[in-house]
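Asks: Protein chains in written order, with my numbering: chain H, 3 to 379; chain X, -12 to 178; chain W, 891 to 1116.
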Amino acid sequence: MTMLRLRPRRRLRQWWIDLMLGIRLAVGGGRAGWGRLALTAVGVGLGVTVLLAATSVSHMLQARDDRGYARAVPTSESAKIPGVDPVYAALRETTFDDRDFEGVIVQKTGPNAPLPPGVDRLPDVGEVVLSPALRQLLDSPEGELLRPRFPERVVGTVDPSGLTGPHELFFYVGVPDVAGSSGSAVTYHFGRPSQPRYLDGLLWLLIALGSVALLMPVVVFVATSTRLAAAARDRRLAALRLVGADGEQVRRIAAGEAFVGALVGLVVGVGLFALGRAIVPTLDPPALRGGIFAADVRPDWTLVALILVVVPVLAVVIAMFSLRRVMIEPLGVVRRARNQRRRLWWRLVPPVAGVALLASQGGRLSQKTRKKASNCR
Amino acid sequence: MHQGYSPKVYTGGTVVAMSIGLTLLGLLETGPRHGYDLKRAYDEHFGQDRPLHYGQVYSTLSRLLRDGLVEVDGVEAGEGPERKRYAITASGVTDVRDWLVTPERPEPYLHSTLYTKVVLALMSGRSAAEVLDVQRGAHLETMRTLTRRKLTGDLADQLICDHALFHLEADLRWLELTAARLDQLSAEVRR
Amino acid sequence: MSGPLLEAMDLYKSFGPTPALDGAGMSLWPGEVVAVMGPSGSGKSTLLHCLAGILRPDSGTVSYNGTELSALSDVARSELRRTEFGFVFQFGQLVPELTSLENVALPLRLGGMRRREAEQAATEWLERLEVADVAGKRPGETSGGQGQRVAVARALVTRPKVVFADEPTGALDSLNGERVMRLLVAAAKDTTAAVVLVTHEARVAAYSDREVVVRDGKSTQVELIP
């Protein structure tokens, strides 16, 4: 006679129920439950934001560069384009009140002058086209002393496609004798072929270092909040064991819980990123002259997809992994206190990776700086 | 068997002879009654194991009548005291009130048989635990009976049974404590 | 029934140097309520945990319906807890994140029952234990007496063969304790579940059919004549 009816498990449904139970435990668990979820979500969210920002840096810099090249005055003799009246143009840089200005002085030779990006009409002599930031500066009381330097008639505004950033102070001014000025060239078009950023490797190194520096406190935050929530989780899981959840079920339930935290964290992260993106154009960091267009802050979509997949998976894996070390019994959680081998190789991974990254880029770095030095005019 | 602890001892003891008169007065306070009704009401609420005798009722009533605490409210046709209806007087009401608000003397059960037996058993070198186990068995048997009665009875039953149960429990707790102490003590002596 | 439902023999169990169980044993017959009594620290809770298979004795046997519990896998013992056993502890057995209704439905859900069926059964049990009004509340929002009655409902919702109750009224006042005991014993009798009732209070033990006394890890049981 056996009373132990070990009937065949309707496995899939049971898995589903267990996961849903985990999700249920994560959400709507009263004030304390919501508090825990919020902590996890904020932690994971901050991490996701940093990662999204890190994947956006490359594109942002590239976009700025591309637009810079697209409006550049060619240095070499440009080929003749039929039907286009060439323009004499020269780049001019100046400063006012510690601010850098850049602009192009132009002299048209006919009505069919080539147009730089973001400009409707190339100015004739006595006319000027301004970037919005420069125009605003000239209109403001601050710009009073600057106004005499731009006596020309304003005939247009450079739109974002012709600027590297929203705060860039840029102008095109029509001048009578550009041909005789220093650095001038006669050209049938604006723009030089854009070059891929030659510091890509180094850039990635910097991005990686910056991200790690930013992620460190986030990791500590997540770890602390997880540890704080651990006691409550242990009690909860032991209570589930008492009612008859087996070891695997409890793990699945914990996985469901972790999954929810990561998912909400992703949403928070994407939200924070969007918020940051909206705020970015209002900033004017000295390192990126002219500021950043929100449209340039665009994460690499393949990496975004990776983050969206990896973060929840990682959360679930970590939750399961952390439970490997404990035995959840109906009466409580027993930590396996057997002297664990401290696996050194695990701890060595970050420093080794860091050294490898530095070594791989270090050589190129010295090379490039030499090259850049020789490129300087 | 342990005769000393049947429910009777406690429930029968809830109303001692001295206070039968006051109890009847208390019952009369709810309205005039015949002697027979009075006995029935008394038995129902307080005398499950020890009903009053008729003689006891009527002798008590005549004492109360003499003291002016009750009066005859009406007499029905026929003979005998059972035809009389009794009502409480104003001084009877005063007496009941005074009785209810006067605290009972807390009874220390220092001279109970149980105490004597346990102390004797222990003094003669028997294991305190054994005495306790045997006594607990007997106590629990009684307590089970009371609990069953409580679960099927009315509120008055519940109150009476609880009163007895709490007292029995107190006995056992004292016994546990004593046993623990004496086992400890004898262990120390033997060392 | 040819033998006891649950039988423990010669149990030894120690946590550290002092033994919690030192040769204890007891048997439980179908449908009976047995009080396990003894002073605190005597090992009565440990005995209950061994009987329920949630603690493995160092030596000795516990058999349920003739099956040795220590021979069962974790999955099988979990299943046993879920289907054949019910638990009412002094406190802490309810999941604080879940409502009373969800807590009572929990063992059914863990067994794969659909939510609607499970919650319907849970509702019936909450009504039976006179706590239908707190169905939507979490354990932290109910009184101690209500919480214990919810726990009793959860212990019985799977119609177990054995209910393990460890000081079920330990944290309650007399009135609420009485109420929990009355409902627990009545429901157990109705469903013919046997009850192992660990308590140090004689008034609570008085709800039992017989008692087992545990002292210093040894037990003496008043033998039932079947």
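A virtual CB, placed ideally from N, CA and C, is assigned to each residue, including glycine.
Which same chain residues end up closer than 7 Å to H:A240 when comparing Cβ atoms and leaving out the 5 residues on each side of it in sequence?
Replies: Excluding sequence neighbours, H:A240 sits near I330, E331, P332, L333, G334 and V335.
Asks: List, in chain order, every chain W residue whose beta-carbon is nearer than 9 Å to that of H:I25.
Replies: What H:I25 touches in chain W: nothing, since even the nearest Cβ is about 11 Å away.
Asks: With respect to the alpha helix (DSSP H) encompassing W:E1068, which residues constitute its N-terminal and C-terminal limits?
Replies: Per DSSP, W:E1068 belongs to the alpha helix (DSSP H) from S1064 to D1080.
Asks: Which residues in the same chain have their Cβ closer than 6 Å to the Cβ of W:S953, if we skip the five residues on either side of it in sequence?
Replies: Around W:S953: E897.
Asks: Could you tell me which chain X residues have their CB closer than 8 Å to the CB of W:A1095, listed as they occur along the chain?
Replies: Those within 8 Å of W:A1095 in chain X are L127 and M130.
Asks: In the segment 243 to 256 of chain H, which residues sit with their C-beta less than 8 Å from some C-beta in chain W, listed in chain order?
Replies: Hits within the stretch, in order: R243, L244, V245, G246, A247, D248, G249, E250 and Q251.
Asks: On a CA-only basis, which of H:G271, H:I309, H:P287 and H:S362 is nearest H:G47? Give me that one, please.
Replies: Measuring from the Cα of H:G47, the nearest candidate turns out to be H:G271.
Asks: What's the gap between the Cα of X:L164 and the Cα of X:D158?
Replies: So the two alpha carbons sit approximately 10 Å from each other.
Asks: Would you please verify whether the beta carbon of W:H1090 is less than 8 Å from any beta carbon of chain H?
Replies: Not closer than 8 Å to any Cβ of chain H, the Cβ of W:H1090 fails to qualify, so no.
Asks: Identify the continuous alpha helix (DSSP H) that holds W:E861 and give its terminal residues.
Replies: Since the first residue of chain W shown is 891 and the last is 1116, residue 861 of chain W is not available in this structure.
Asks: To which residues of the same chain is W:Q983 closer than 7 Å at the C-beta, ignoring the five residues directly before and after it?
Replies: Correct list, in chain order: F977 and A1041.
Asks: For a test of the three-state rule: what should DSSP assign to H:Y190, helix, strand or coil?
Replies: Note: H:Y190 maps to coil in three-state DSSP.
Asks: Under 8 Å between the Cβ atoms of X:T134 and W:A1096?
Replies: Result yes, Cβ atoms of X:T134 and W:A1096 sit closer than 8 Å.
Asks: So H:I309 and H:V50 are supposed to be a Cβ contact under 8 Å. How far apart are they, rounded?
Replies: Contact flag correct, Cβ pair sits at about 6 Å.
Asks: Roughly how many angstroms lie between the CA atoms of X:L52 and X:D82, to the nearest whole one?
Replies: Their Cα atoms are separated by approximately 14 Å.
Asks: So if DSSP puts W:M916 in a beta bridge, which residue, or which two residues, is it bridged to?
Replies: DSSP output for W:M916 lists W:A898 as bridge partner(s).
Asks: Which chain X residues are close to W:V1103, counting only those with a beta carbon under 8 Å from its beta carbon?
Replies: Here the neighbours are D120 and R123.
Asks: Please name the residue in X:G13, X:Y41 and X:G18 whose C-alpha comes closest to that of X:K26.
Replies: The option with the nearest alpha carbon to X:K26 is X:Y41.
Asks: Sort H:V318, H:G212 and H:R151 by Cα distance to H:G356 and report the nearest one.
Replies: For the residues H:V318, H:G212 and H:R151, the minimum Cα distance to H:G356 belongs to H:G212.
Asks: Does the separation of the CB atoms of W:R1044 and W:L996 fall below 8 Å?
Replies: In contact: W:R1044 and W:L996 (Cβ atoms closer than 8 Å).
Asks: What's the call for W:V1070, buried or exposed, on a 16-neighbour Cβ count within 10 Å?
Replies: Its Cβ being crowded by 16 or more others within 10 Å, W:V1070 is buried.
Asks: Measuring only between beta-carbons, confirm whether W:P997 sits less than 8 Å from chain H.
Replies: So yes, W:P997 belongs to the interface.
Asks: State the Cα-Cα distance for the pair X:Q145 and W:A961, rounded to the nearest angstrom.
Replies: So the alpha carbons of these two residues sit roughly 47 Å apart.
Asks: Please state whether DSSP places H:P287 in a helix, a strand or coil.
Replies: Here H:P287 sits in coil by DSSP.
Asks: Just grab the DSSP bridge partners of H:T159 for me.
Replies: H:T159 is bridged to H:L132.
Asks: Could you check the C-alpha separation between H:G176 and H:L204 for me, to the nearest Å?
Replies: Going by the C-alpha atoms only, they are around 40 Å apart.
Asks: Would you check if the segment 217 to 234 of chain H and the segment 281 to 296 of chain H touch, i.e. whether three or more CB-CB distances between them fall below 8 Å?
Replies: As far as the Cβ criterion goes, the segment 281 to 296 of chain H does not touch the segment 217 to 234 of chain H, which means the pair count is below three.
Asks: Thinking C-beta only, is W:G1001 closer than 8 Å to W:R967?
Replies: No, the Cβ-Cβ distance between W:R967 and W:G1001 is not below 8 Å.
Asks: Work out the CA separation of X:L119 and W:V924 for me, nearest whole Å.
Replies: Answer to the nearest angstrom: the Cα atoms are 19 Å apart.
Asks: Quick one: measure Cβ to Cβ for H:Q387 and H:P195, integer angstroms, because I've assumed they're closer than 8 Å.
Replies: Residue coverage of chain H in this structure runs from 3 to 379, which leaves residue 387 of chain H outside it and unanswerable.
Asks: Within 10 angstroms of its Cβ, does H:L171 collect 16 or more other Cβ (buried), or is it exposed?
Replies: Burial call: buried.
Asks: Determine, for X:T139, whether the minimum Cβ-Cβ distance to residues of chain W falls below 8 Å.
Replies: Chain W, which has no Cβ nearer than 8 Å to the Cβ of X:T139, makes this no.
Asks: Under DSSP, the beta strand (DSSP E) around H:R101 begins and ends at which residues?
Replies: Where H:R101 is concerned, the enclosing beta strand (DSSP E) stretches over R101 to K110.
Asks: Assuming W:G921 contacts W:A1084 under a Cβ cut-off of 8 Å, what Cβ separation, rounded to an integer in Å, is found between them?
Replies: So it is a contact: roughly 6 Å between Cβ atoms.
Asks: Following a CB-centred definition, is H:E154 positioned closer than 7 Å to any heavy atom of the ligand GTP?
Replies: As far as ligands go, the structure on display features none, and thus does not contain the ligand GTP.
Asks: Counting C-beta neighbours from all protein chains within 10 Å, is the total for W:D900 16 or more, i.e. buried, or is it exposed?
Replies: W:D900 is exposed by the Cβ-count criterion.
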